[in-house]
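To start, the structure itself, in structure tokens.
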Amino acid sequence: SRWCLITSHKLYSSVYDPNEKTFEKLLIANRGEIACRVIKTCKKMGIKTVAIHSDVDANAVHVKMADESVCVGPAPTSKSYLNMDAIMEVIRKTRAQAVSLNVSICCSFLSSLSLQASEGVTFIGPDTHAIQAMGDKIESKLLAKNAKVNTIPGFDGVVKDADEAVRIAREIGYPVMIKASAGGGGKGMRIAWDDEETREGFRFSSQEAASSFGDDRLLIEKFIDNPRHIEIQVCTVLADKHGNALWLNERECSIQRRNQKVVEEAPSTFLDPETRRAMGEQAVALAKAVKYSSAGTVEFLVDSSKNFYFLEMNTRLQVEHPVTECITGLDLVQEMIRVAKGYPLRHKQADIPINGWAVECRVYAEDPYKSFGLPSIGKLSQYQEPLHVPSVRVDSGIQQGSDISIYYDPMISKLITYGSNRAEALKRMEEALDNYVIRGVAHNISLLREVIVHPRFVQGDISTKFLPEVYPDGFKGHKLTDLERRELLATAASLYVAEQLRSQQFLGTPRIPIAKSKRSSWELSVRLGDEIYPVAVSKDGSSFSVEVDGMKLNVTSEWNLASPLLSVTIDGTQRTIQRISRNASGETSIQFLGTVYKLQILTKVAAELSKYMPEKAAEDTSSILRSPMPGTVVAVSVKPGDMVSEGQEICVIEAMKMQNSMIAAKTGKV
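Its first residue numbered 1, the sequence shown is counted upward by one per residue in the UniProt record's numbering.
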């Protein structure tokens with residue numbers, strides 16, 4: 001069967017032939033979830049693994065999973081995971097026969113050191129020519145045109161200066177996209193709607209490109225307004241060294257923030273069989289044009305009329321590859337290893353199915369209430385993946401006790417759910433997000449859950465502008481309906497009473513007899529936001545009858561207060577909640593429908609007395625510039641004595657591979 005059989009042990013349906021010899025030992029020059037993903041397949045194929053790590057990653061999960069591990073330097077990636085000399089020494093020392101590399105150093109690793117020829121080591125991935133050709137946006141666009149792949153209208157050369165940029169933009173027609181030839185991840189990109197924005201965009205994009213990539217070359221092309229981002233896996237393209245290539249259907253990746261994907265799914269709700277086939281055939285044509293031999297991804301922009309245009313080709317195993325594995329039943333890492341060894345592909349295009357539906361959410365250590373996600377750091381004090389939910393897969397490289405640091409990407413995991421259809425996959429994702437326990441760092445669970453239940457997303461009405469269109473004023477969390485508000489108040493009040501009753505219980509026999517409490521009703525005052533609600537609770541066996549807004553709700557649960565997850569049934573509706581925190585003053589935080597709500601629960605008497613408590617004045621921070629995240633100060637734009645105006649840049653903070661401009665909150669003197 002090619003169905004993706006997902007279990008709590010994360011098994012795949014691919015068959016491993018013990019007689020098909022590949023490599024005895026493979027070195028993985030990467031970290032985090034992708035390193036763990038490669039190790040899992042290697043173990044199933046009987047391949048020993050070597051992990052490299054920085055000094056701060058000495059206790060990382062990928063290090064523990066590997067058969068051997070070697071430290072290659074300090075925390076900064078340039079001195080460890082991208083340290084070619086150190087990695088080459090580890091290859092020689094461990095006698096690894098193959099190496100899976102971080103894509104950032106593939107070209108220089110293979111070309112400058114002649115890895116394959118001089119060391120007799122096989123690279124798991126395409127050759128240098130394909131990586132270099134597809135890594136340069138100008139060259140890749142020319143190759144795509146020659147391969148008769150649809151490309152976005154634009155200028156096919158390097159833009160020399162701002163004047164030429166304006167001339168080209170006028171010829172193409174506004175709006176246009178100005179972007180770095182060697183760019184990626186949203187850096188060096190500007191949208192221009194007129195001549196003035198084109199000049200400004202040329203200046204800023206060239207500066208960002210030079211700073212980020214050491215290459216200030218720019219290209220200009222037509223900006224496709226409100227597109228979908230759909231990609232074809234060439235294993236979403238899978239190609240071998242014998243001239244065979246397959247397209248493994250598409251992935252819908254339109255839900256993005258800052259040009260970075262957040263939610264992906266396969267297949268797409270938008271494509272029809274004819275468009276899917278046309279995109280797949282063009283992706284394979286491009287792969288063959290550059291003699292591609294591994295798994296790779298060809299990305300397209302698709303407009304509302306289903307016209308599609310080549311965007312770029314990623315010469316690596318994409319973050320979102322699990323959804324392709326789910327609907328095809330293929331293990332892409334296994335296929336990459338087989339192709340690298342020289343084996344032909346085992347499948348024909350007619351063998352590639354679309355079985356069911358898969359959805360992936362990228363779980364990040366980020367605060368979604370700040371620009372849809374500013375990085376958060378800290379130690380995972382509690383961590384529990386929702387693997388007890390059926391048809392759930394979690395690809396992660398962390399565990400309880402792991403540190404999320406400023407040095408690396410803030411991804412916690414990739415959460416994948418599978419179903420026979422889209423509705424089933426989305427319902428399981430909703431359940432999985434509710435059952436995901438993450439403590440110690442901020443995370444984006446609330447944003448992910450809101451996206452997958454939003455009517456526009458459920459209907460498939462999405463584009464790369466989804467987040468700013470749905471949340472024009474920024475993400476604010478789930479907005480409770482009147483019924484949901486009553487459910488939350490009733491649950492919080494019941495939880496408070498259950499805890500009060502538990503505190504009266506004793507283990508064993510007390511030396512002094514204690515009269516048992518006959519109390520069965522409580523009058524409470526619950527604060528939610530700026531409102532205070534009177535709530536009456538009465539106990540009936542293991543259930544509570546709660547009166548809120550003149551309406552009675554029946555709340556039942558096992559009331560296991562030691563568990564991070566609590567399943568509660570409210571008038572027949574099941575909800576999974578998490579109590580995040582509580583204190584002696586009645587303040588508690590409860591995760592309900594994905595969003596964390598702060599409440600204060602007091603008895604009626606305590607609530608009446610609380611008005612006599614002095615309130616702590618809020619700190620005036622208008623004259624202070626405080627970074628919203630830890631990081632490195634990479635630029636300071638002012639000096640003591642300078643006059644600055646509101647909105648003026650003061651400094652730039654770099655955290656987790658992102659640069660953030662810090663601006664003045666008001667006019668004043670530094």
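Every residue gets a Cβ at the ideal spot worked out from N, C-alpha and C, and that includes glycine.
Comparing alpha-carbon positions, the option among K598, G157, Q591 lying closest to D530 turns out to be K598.
With a cutoff of 9 Å on beta-carbon distance, V670 and G641 are scored as near each other.
Cα atoms of K43 and I327: separation of roughly 23 Å, rounded to the nearest angstrom. DSSP, read as helix, strand or coil, puts E264 in strand.
In this structure, the CA atom of N150 is about 9 Å from the CA atom of L311. Within the model, the alpha-carbon separation for Q132 versus M662 is close to 35 Å.
With three or more CB-CB distances shorter than 8 Å, the region 166 to 180 counts as touching the region 220 to 230. With a beta-carbon spacing of about 22 Å, M189 and I232 fall beyond the 8 Å limit used to define contacts. Taking a C-beta distance under 9 Å as the contact criterion, Q256 and T464 qualify as a contact pair.
Bounds of the beta strand (DSSP E) holding D395 are 392 to 396. Around the C-beta of G243, fewer than 16 other C-beta atoms lie within 10 Å, and the residue is accordingly described as exposed. Fewer than three pairs of CB atoms, one per stretch, sit closer than 8 Å, so the region 601 to 621 makes no contact with the region 459 to 478. DSSP places E385 in the coil class of the three-state scheme, outside both helix and strand.
If you check the CB distance, P534 and K611 do not come in under 9 Å. Here the C-alpha atom of F270 lies approximately 46 Å from the C-alpha atom of G120.
Around the C-beta of Y16, fewer than 16 other C-beta atoms lie within 10 Å, and the residue is accordingly described as exposed.
Only buried fits P368, as 16 or more other CB atoms lie within 10 angstroms of its CB.
In the three-state reduction of the DSSP assignment, D367 falls in the strand class.
The criterion of a C-beta distance shorter than 9 Å is satisfied by I462 and E252. Per DSSP, the unbroken beta strand (DSSP E) holding H53 starts and ends at 48 to 54. The closest CA to that of K539, considering only M551, W522, L480, R527, is found on W522. The beta carbon of I168 is closer than 6 Å to those of F155, I220 in its chain, skipping five residues each way along the sequence. For K93, the enclosing alpha helix (DSSP H) starts and ends at 84 to 94.
Residues S525, G586 of the same chain have their beta carbon placed closer than 6 Å to that of L602, with the five preceding and five following residues left out of the count.
Under DSSP, N660 takes part in a beta bridge, and its partners are I653.
Only exposed fits Q382, as fewer than 16 other CB atoms lie within 10 angstroms of its CB. Pairing A165 with L142, the inter-Cα distance amounts to about 19 Å.
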